[in-house]
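Everything below concerns the one structure shown next.
Protein chains: 2
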Amino acid sequence: MRKSAADRFRHLFNRSLVASQHRHRPINPILFRSLSSMASHSSPFPVTAQNINPQVLKCQYAVRGEIVTLAQNLQKDLLANPSAHSFEEIIYCNIGNPQSLGQQPITFFREVLALCDYPALLDKSETQGLFSADSIERAWQIVDQIPGRATGAYSHSQGIQGLRDTIAAGIGERDGFPANPDDIFLTDGASPAVHMMMQLLTRSDNDGILCPIPQYPLYSASITLHGGHLVPYYLDEATGWGLEISELKKQLEDARSKGISVRALVVINPGNPTGQVLAEENQRDIVEFCKKEGLVLLADEVYQENIYAPEKKFHSFKKVSRSMGYGDDDIILVSFQSVSKGYHGECGKRGGYMEVTGFSPDVREQVYKVASVNLCANITGQILASLIMSPPKVGDESYESFMAEKGGILSSLAKRAKALEDALNNLEGVTCNKAEGAMYLFPRIRLPEKAIKAAEAEKSAPDAFYCKRLLNATGIVVVPGSGFGQVPGTWHFRCTILPQEDRIPAIVTRLTEFHEKFMDEFRD
Amino acid sequence: MRKSAADRFRHLFNRSLVASQHRHRPINPILFRSLSSMASHSSPFPVTAQNINPQVLKCQYAVRGEIVTLAQNLQKDLLANPSAHSFEEIIYCNIGNPQSLGQQPITFFREVLALCDYPALLDKSETQGLFSADSIERAWQIVDQIPGRATGAYSHSQGIQGLRDTIAAGIGERDGFPANPDDIFLTDGASPAVHMMMQLLTRSDNDGILCPIPQYPLYSASITLHGGHLVPYYLDEATGWGLEISELKKQLEDARSKGISVRALVVINPGNPTGQVLAEENQRDIVEFCKKEGLVLLADEVYQENIYAPEKKFHSFKKVSRSMGYGDDDIILVSFQSVSKGYHGECGKRGGYMEVTGFSPDVREQVYKVASVNLCANITGQILASLIMSPPKVGDESYESFMAEKGGILSSLAKRAKALEDALNNLEGVTCNKAEGAMYLFPRIRLPEKAIKAAEAEKSAPDAFYCKRLLNATGIVVVPGSGFGQVPGTWHFRCTILPQEDRIPAIVTRLTEFHEKFMDEFRD
Numbered sequence: 001m002r003k004s005a006a007d008r009f010r011h012l013f014n015r016s017l018v019a020s021q022h023r024h025r026p027i028n029p030i031l032f033r034s035l036s037s038m039a040s041h042s043s044p045f046p047v048t049a050q051n052i053n054p055q056v057l058k059c060q061y062a063v064r065g066e067i068v069t070l071a072q073n074l075q076k077d078l079l080a081n082p083s084a085h086s087f088e089e090i091i092y093c094n095i096g097n098p099q100s101l102g103q104q105p106i107t108f109f110r111e112v113l114a115l116c117d118y119p120a121l122l123d124k125s126e127t128q129g130l131f132s133a134d135s136i137e138r139a140w141q142i143v144d145q146i147p148g149r150a151t152g153a154y155s156h157s158q159g160i161q162g163l164r165d166t167i168a169a170g171i172g173e174r175d176g177f178p179a180n181p182d183d184i185f186l187t188d189g190a191s192p193a194v195h196m197m198m199q200l201l202t203r204s205d206n207d208g209i210l211c212p213i214p215q216y217p218l219y220s221a222s223i224t225l226h227g228g229h230l231v232p233y234y235l236d237e238a239t240g241w242g243l244e245i246s247e248l249k250k251q252l253e254d255a256r257s258k259g260i261s262v263r264a265l266v267v268i269n270p271g272n273p274t275g276q277v278l279a280e281e282n283q284r285d286i287v288e289f290c291k292k293e294g295l296v297l298l299a300d301e302v303y304q305e306n307i308y309a310p311e312k313k314f315h316s317f318k319k320v321s322r323s324m325g326y327g328d329d330d331i332i333l334v335s336f337q338s339v340s341k342g343y344h345g346e347c348g349k350r351g352g353y354m355e356v357t358g359f360s361p362d363v364r365e366q367v368y369k370v371a372s373v374n375l376c377a378n379i380t381g382q383i384l385a386s387l388i389m390s391p392p393k394v395g396d397e398s399y400e401s402f403m404a405e406k407g408g409i410l411s412s413l414a415k416r417a418k419a420l421e422d423a424l425n426n427l428e429g430v431t432c433n434k435a436e437g438a439m440y441l442f443p444r445i446r447l448p449e450k451a452i453k454a455a456e457a458e459k460s461a462p463d464a465f466y467c468k469r470l471l472n473a474t475g476i477v478v479v480p481g482s483g484f485g486q487v488p489g490t491w492h493f494r495c496t497i498l499p500q501e502d503r504i505p506a507i508v509t510r511l512t513e514f515h516e517k518f519m520d521e522f523r524d
Numbered sequence: 001m002r003k004s005a006a007d008r009f010r011h012l013f014n015r016s017l018v019a020s021q022h023r024h025r026p027i028n029p030i031l032f033r034s035l036s037s038m039a040s041h042s043s044p045f046p047v048t049a050q051n052i053n054p055q056v057l058k059c060q061y062a063v064r065g066e067i068v069t070l071a072q073n074l075q076k077d078l079l080a081n082p083s084a085h086s087f088e089e090i091i092y093c094n095i096g097n098p099q100s101l102g103q104q105p106i107t108f109f110r111e112v113l114a115l116c117d118y119p120a121l122l123d124k125s126e127t128q129g130l131f132s133a134d135s136i137e138r139a140w141q142i143v144d145q146i147p148g149r150a151t152g153a154y155s156h157s158q159g160i161q162g163l164r165d166t167i168a169a170g171i172g173e174r175d176g177f178p179a180n181p182d183d184i185f186l187t188d189g190a191s192p193a194v195h196m197m198m199q200l201l202t203r204s205d206n207d208g209i210l211c212p213i214p215q216y217p218l219y220s221a222s223i224t225l226h227g228g229h230l231v232p233y234y235l236d237e238a239t240g241w242g243l244e245i246s247e248l249k250k251q252l253e254d255a256r257s258k259g260i261s262v263r264a265l266v267v268i269n270p271g272n273p274t275g276q277v278l279a280e281e282n283q284r285d286i287v288e289f290c291k292k293e294g295l296v297l298l299a300d301e302v303y304q305e306n307i308y309a310p311e312k313k314f315h316s317f318k319k320v321s322r323s324m325g326y327g328d329d330d331i332i333l334v335s336f337q338s339v340s341k342g343y344h345g346e347c348g349k350r351g352g353y354m355e356v357t358g359f360s361p362d363v364r365e366q367v368y369k370v371a372s373v374n375l376c377a378n379i380t381g382q383i384l385a386s387l388i389m390s391p392p393k394v395g396d397e398s399y400e401s402f403m404a405e406k407g408g409i410l411s412s413l414a415k416r417a418k419a420l421e422d423a424l425n426n427l428e429g430v431t432c433n434k435a436e437g438a439m440y441l442f443p444r445i446r447l448p449e450k451a452i453k454a455a456e457a458e459k460s461a462p463d464a465f466y467c468k469r470l471l472n473a474t475g476i477v478v479v480p481g482s483g484f485g486q487v488p489g490t491w492h493f494r495c496t497i498l499p500q501e502d503r504i505p506a507i508v509t510r511l512t513e514f515h516e517k518f519m520d521e522f523r524d
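Heads up: the protein sequence lines correspond to chains S and G, in order. According to the UniProt record's numbering, the residues represented by the first sequence are 1 to 524, in order. According to the UniProt record's numbering, the residues represented by the second sequence are 1 to 524, in order.
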């Protein structure tokens, strides 16, 4: 039933989120109408929404889109008048931004960053009393790795050599297979790395990138901005957002039959927004598929530390492919990692890296050139990326407190995920797969026809209608499923599991009350 | 004479650096040959230099290009065997990276950054003995400005509100005209801001951007990557790299007659690589020109603190346009600022901002959307950008030491610029305009015919030939003029003024000896 609905609506879906981007073709009528109204003040401005890059216009990024603007306006209301609404504050569950919701940074990481930012501290005796011994030692090591100890200089365009050595060693330890520091490109978070790959691989809208649906909207935004074509493959909600090779094959063949040259496959593991953790066997099949079909495997592995299901384990695609005996000559694999996620959640530091393997030397040179145009990633983020891949070890002064901080955050996240998942599954018409990993739940909401009609009357997608209602009633910000893509005719939203543990019961109460009232209003 | 040579060669030049970029046209034969040779191993790789984005392939970024790769190889040689070459070390004069050559960071800035990175320090009594009172106070202010004091959270996509307030106040103080915090977009250095504007304004290679020649190669690289058309205007070397309105008009008309839609004018003031500081009257003419012609004025003002000529003063284009009575409805102006330059030279922190004024609300919304796809700039860079626009003031504990550090750096840079300029002007066949500002000298070298022939035999541009010889003989890295653009038939190189003062005499000696030998070898 779900499948046939999917097939029926797929062509519609392909015309919206997965629209083909033609630089020189006439703009489609729907888009054109909205452009006309946008530029209706027929201004004296030489730059208007009608004459900017249409790829910019088309690009959408739901996690910071309309719903967030609405939330910011409500927040301003509350600032001016704390009793303006029936809630006291806005709870941002729209984005994986742990520290904005009260998560504390890992002490050891911040100690090292402070010492590297102001290395004069390293020479002062008072420093011993303020910082852990191993943070001082680590800061010395890092400062010594920087040519001329110049922590304020541009680094090598791939990042400081010594830090890349550390990261490569960390990958080696994680995987049991060595990593090459020359394959590491340090970046300002994972997003610029994703953009770099899309820029490299996209020649025109005949170039396609296979992306999961639902997907993290960075991918659709980046593909649109670079003028490429998003080729969707659907995760199977019924099997816990399973990634089926048959679906990959079907979508690849379908795209090829339309003349699309499919360049790469994006896999997000653990899944965003879907939270599933892939089984190693499934990953082997994916590697085999990419090898056979000549696809670059773009592995978004930024949630590798966020695993909550005891029976699940993260396996990097690098480890999986190497354990199959595949090396640089067999598969092109790019793995993205970030300091923003994991137990550290250092989003604001904008640190991350990509491990780039399997490109021919001349293509790799082009990757380096594009990195060099942006000079280098920020050094604080670079240092932090090395720290997350090489945290304190047994015997280090910080080890026990570090493990306590890390363990506390991860076990609490697991509890929060479970509590929210249970609450969601208790709501009428809502089903929610388990968050085995990552930071999100992506419940399916079966909306009554009456609600769908009311949404249509407001020119809103039904899930966006639901999310706006939720926000206005409770101050809770979640993102409509339509921003991530979903099987047409189904409706979802993404909710982070990040509010602090003591806040969860109140959130559950508010959400439950809202949902009951919503259903009472719209039940068919 | 110079002008006629310019005209004669201009069409050739337009076919190389300023090549038009056609997504769907056949690749030109010269490029195609080099691609074929690059991919000659006819590899099993599904991604080759022949099937990646041709805009990536075409993009060039000289300041980190071939010459730097060569230098890095020499440095590896020296590491393996210190007597491998006739020099002991590589002196990187290729890039404006002050701290890599020994410039020390400003103490106050680093104190504040360390405290913000590890705010737990703010609560400890020992901190008083280690940090200045005003750095502690400033760090408190900043941490309090961050929602939830979450220094590790993603911020608003334009940057933290309180920091934007501080920056706007700093701009207001600098200009005598107010700035709006909502017009500030904090970015990871100025480069991503430039990319964002090129991405916004470029629909196809029929969209042109007027750029100075010589230019900082970020502009040509970014225009190429975004598929646009660089429309050159030539600075007049004979009048100290003067920017003539007649030249702007001529090039604009020429481009329009070819069907190019010119969207924007880039002005770099103080000039990079040319070091001139524009006179206020000249700037007024430029503003008038942009207003009349409906061009966005992209003002690269990252060297605003680097002024060495006592008779010169920096005026922001914002101040100039506002003093002419022009507001948001009259001119679209984007000013770029960076923490990487000035007296601070904090390149590795990747901080900066753009002040965006005059766009219609719907276009401004698109700028915001593109910023939001990248989430936010790194917080450390954001904080630093606020500090450079609001340094210690009279009466603050750090004020005197801050002024001493700043003054010491700027006066030393002025001395170094003068010493290198004099040395260059003493070389046979070399003339060098004064560096009134910025961080570079861009001497013209009149190369003997014999040298030009030798370069041709090596398939090298004559200035690149000279620079490679210089590097191999002395370890000094400078960038060939051809990477920046120059009047065809003239040859230059860019050399930073950044080696520490005590190193300058040795550099002058090495350079002079090399040049004499070179001329002896090739003199006609």
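Where is the CB? At the ideal position from N, CA and C, for every residue including glycine.
DSSP places Arg446 (chain S) outside both helix and strand once states are collapsed to three, so it counts as coil.
For Gly275 (chain S), there are no C-beta contacts with chain G under 7 Å, since the nearest C-beta of that chain is about 20 Å from it.
Taking a beta-carbon distance threshold of 8 Å, Ser132 (chain G) does not count as an interface residue toward chain S. Judged by their CB atoms, Tyr308 (chain G) and Gly437 (chain G) are nearer to each other than the 8 Å cut-off. Separation of the CB atoms of Val287 (chain S) and Phe317 (chain S) is rounded to 7 Å, and the pair is thereby assigned contact status at 8 Å. Contact check between the stretch 497-509 of chain G and the stretch 97-107 of chain G: three or more CB pairs, one atom from each, fall below 8 Å, which counts as touching. If you ignore the 5 residues before and after Arg164 (chain S), its C-beta comes within less than 6 Å of the C-beta of Pro181 and Ile184, all in its own chain and listed in chain order.
For Cys467 (chain G), the enclosing alpha helix (DSSP H) begins and ends at Pro462 to Thr474. Cβ proximity to chain S below 9 Å picks out Cys59, Gln60, Tyr61, Val63, Arg64, Gly65, Val68 and Gln72 from the stretch 59-78 of chain G. The beta carbon of Phe336 (chain G) sits no closer than 8 Å to any beta carbon of chain S. For the pair Val194 (chain G) and Gly208 (chain G), the CB atoms are not nearer than the 8 Å cut-off. Contact annotation: Gly159 (chain G) and Ala377 (chain G) have beta-carbon atoms nearer than 8 Å.
Taking 8 Å as the threshold, the shortest C-beta distance from Ser412 (chain S) to chain G does not fall below it. Excluding five sequence positions before and after Gly259 (chain S), the CB atoms of its chain that fall closer than 8 Å to its own CB belong to Asn206, given in chain order. Where Ser335 (chain G) is concerned, the enclosing beta strand (DSSP E) starts and stops at Leu333 to Ser338. Relative to Arg138 (chain S), the option among S:Leu218, S:Ala451 and S:Asp396 whose CA is nearest is S:Asp396.
In this structure Gly352 (chain S) touches Thr187 (chain S) by the C-beta definition: roughly 5 Å separates them, less than 8 Å.
Between Val430 (chain G) and Ala385 (chain G), the CB-CB gap reaches or exceeds 8 Å. Nearest Cα to Thr151 (chain G) within the set G:Met354, G:Gln337 and G:Gln382: G:Gln382.
Straight-line spacing of the CA atoms in Ser83 (chain S) and Arg416 (chain S) works out to 29 Å. In this chain, the beta strand (DSSP E) harbouring Gly352 (chain S) covers Gly352 to Thr357. A direct Cα-to-Cα measurement between Arg174 (chain G) and Leu210 (chain G) gives close to 27 Å. Shown here, Thr431 (chain G) sits in a strand according to DSSP, grouped into three states.
Only residues of its own chain outside the window of five on either side were considered, and among them Val194, His195 and Met198 have a CB closer than 7 Å to the CB of Ser222 (chain G), listed in chain order. If only complete runs of 4 or more residues are kept, the stretch 390-432 of chain G shows the alpha helix (DSSP H) at 399-425, in order along the chain. Counting only Cβ-Cβ distances below 9 Å, Ala49 (chain S) has contacts in chain G at Ser360, Asp362, Val363, Glu365 and Gln366, in chain order. Approximately 4 Å separates the beta-carbon atoms of Trp491 (chain G) and Asp463 (chain G); this is inside 8 Å, confirming the contact. Take Gln128 (chain S), set aside five residues on each side of it, and the residues of its chain with a beta-carbon closer than 8 Å to its own are Ile136, in chain order. Measuring C-alpha to C-alpha distances from Leu122 (chain S) to each of S:Phe108, S:Gln141 and S:Thr107 identifies S:Gln141 as the nearest. In the same chain as Glu449 (chain S), and ignoring 5 residues on each side of it, the C-beta atoms closer than 8 Å to its own belong to Asp524, in chain order.
Residues are counted here when their Cβ sits less than 7 Å from a Cβ of chain S; for the stretch 327-351 of chain G these are Asp329, Ile332, Gly345, Glu346, Cys347, Gly348, Lys349 and Arg350, given in chain order.
Residue pairing by DSSP places Ile184 (chain S) opposite S:Glu355 in a beta bridge. The C-alpha of Val143 (chain S) is placed about 17 Å away from the C-alpha of Thr107 (chain G).
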